[in-house]
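Engineer:
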Amino acid sequence: MGLFWCSYVPRPITRSILRPAAEYNAEILRITNETRKKQTTENKRYATSKAYYRKHLAKSPQNLAIALSTLDTQAANAAARIKSLSSRLKTVALGIRRQATEAINEYRLCRLALLREDLETRLIRKAEDSRLREYLQDRALQLRQQHHLVTSRLQESLQAEKLQQQQETESLRQQHHQVVSRLQEIIQTRNLQQHQKTEALHQQHQVVVSRLKEIRSRPKETTSRYKPAFDKNRPPLLVPNRGGVHTHDPGHTSQQLHPSSYIL
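The numbering used here puts the sequence shown at residues -9 to 254.
#1: Report back the beta-carbon spacing between A68 and E32 to the nearest angstrom; my notes put them in contact at under 8 Å.
#2: Threshold first: 4 residues or longer. Then list the alpha helix (DSSP H) segments lying entirely within the segment 64 to 129, N to C.
#3: Does DSSP put R208 in a helix, a strand or coil?
#4: Would you report the Cα separation of S161 and Q174, rounded to the nearest angstrom?
#5: Drop a sphere of 10 angstroms on the beta-carbon of A90, count the other beta-carbons inside from all chains shown, and report buried for 16 or more, exposed for fewer.
#6: R88: which of N15, L191, R208, A55 sits nearest, CA to CA?
#7: Excluding the 5 residues flanking Q193 on each side, which residues of the same chain have their C-beta closer than 8 Å to its C-beta?
#8: How long is the line joining the alpha carbons of Y36 and L61, rounded to whole angstroms?
#9: How long is the line joining the alpha carbons of I56 and T63, rounded to whole angstroms?
#10: Quick one: any contact between the segment 66 to 85 and the segment 18 to 28, if contact means 3 or more CB pairs under 8 Å?
#11: Does the separation of the CB atoms of K116 and L109 fall below 8 Å?
#12: Pull up the CB-CB distance for L84 and T25, whole angstroms please, since I reckon it's below 8 Å.
#13: When the distance is taken between beta carbons, is K28 closer than 8 Å to R72?
#14: Inspect the beta-carbon positions of E17 and I86 and report whether they are closer than 8 Å.
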């Protein structure tokens, strides 16, 4: 149950607004009666003049015709003036009626505003009544229950959203752990392969160094004009050239080889 709210601000009530509509209607009737009286008076004067001209100027038809023509002209002018006055009076009457209607509407609006304010005051005073107090208590209880329901639903939605975020975070953490473990395995595998390659290169280097030492420790043989400079029973020594291709060099058996020139 709510109170009325007045959006209309009434103007101060004056005597011009409080004038009843009967006064405006009486003024309109008075103007109309005056117009009719003037028209009746003009018609009587015209009839009297016409009778006078007919009575006294009957012996002179020409003068009578002129007089009648003049009288008709005057009568037409009087009728035109009366018609113009009548139209002006009608316009004034319509304006007065419009103003009266506006004033009456303004008066009614003011009365309605006053009645509405009085009703609001009475309703405010009756707010201490037991029935209204019970209604307000019931309404407050309903609002409290609705607030509790909305709060519980909001908490449930927040908890569900929080749980979903936790699940997503846990899933992302597991994926990150899997990726990190996979990367560690790949790095360990590559390190092991690199270590094995390094060991193999080291062993090959040791073999090459021992072979070179063995070759250097052998006594040099003198070659004759008719004997070959190498032993056919000894296996040939492969010497890598600049292009990385191993070639057989029988004349340079004591050439020192660098370990980095061998291809695995």
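All C-beta atoms in this analysis are idealised placements derived from N, C-alpha and C, irrespective of residue type, glycine included. Quick caveat, the model's predicted, so the values are computed rather than measured.
Structural biologist: Quick answer:
#1: Here residue 68 corresponds to residue number 78 of the sequence shown, with the count starting at 1. Here residue 32 corresponds to residue number 42 of the sequence shown, with the count starting at 1. With 8 Å as the limit, A68 and E32 qualify as a contact, their Cβ atoms being about 5 Å apart.
#2: none
#3: In the sequence shown, counting from the first residue as 1, residue 208 sits at position 218. Coil, per DSSP.
#4: Stepping through the sequence shown from its first residue, residue 161 is reached at position 171. Stepping through the sequence shown from its first residue, residue 174 is reached at position 184. Cα-Cα distance, rounded: 20 Å.
#5: Along the sequence shown, read from residue 1 onward, the residue named residue 90 stands at position 100. Per the 10 Å Cβ criterion, buried.
#6: Position 98 of the sequence shown, counted from the start, is the residue given in the question as residue 88. Of the listed residues, the one whose Cα sits closest to R88 is N15.
#7: The count along the sequence shown starts at 1 and reaches residue 193 at position 203. Excluding positions up to five away in sequence, the list is empty.
#8: Residue numbering aside, residue 36 sits at position 46 when the sequence shown is read from its first letter. Residue numbering aside, residue 61 sits at position 71 when the sequence shown is read from its first letter. Roughly 7 Å between the two C-alpha positions.
#9: In the sequence shown, the residue the question calls residue 56 occupies position 66. In the sequence shown, the residue the question calls residue 63 occupies position 73. Looking at the two C-alpha atoms, the distance is approximately 11 Å.
#10: yes
#11: Start at 1 with the first residue of the sequence shown, and residue 116 comes out as number 126. Start at 1 with the first residue of the sequence shown, and residue 109 comes out as number 119. Their beta carbons are not under 8 Å apart, which means K116 does not touch L109 by this criterion.
#12: Against the sequence shown, residue 84 aligns to sequence position 94. Against the sequence shown, residue 25 aligns to sequence position 35. Their Cβ separation, rounded to whole angstroms, is 14 Å, which puts L84 and T25 out of contact at 8 Å.
#13: Within the sequence shown, residue 72 is the residue found at index 82, counting from 1. Within the sequence shown, residue 28 is the residue found at index 38, counting from 1. The question names Arg, but residue 72 is Ile in the sequence shown. Yes; because the gap between Cβ atoms is below 8 Å, this pair is in contact.
#14: On the sequence shown, position 27 is the one that residue 17 refers to. On the sequence shown, position 96 is the one that residue 86 refers to. Cβ distance < 8 Å, so E17 and I86 count as in contact.
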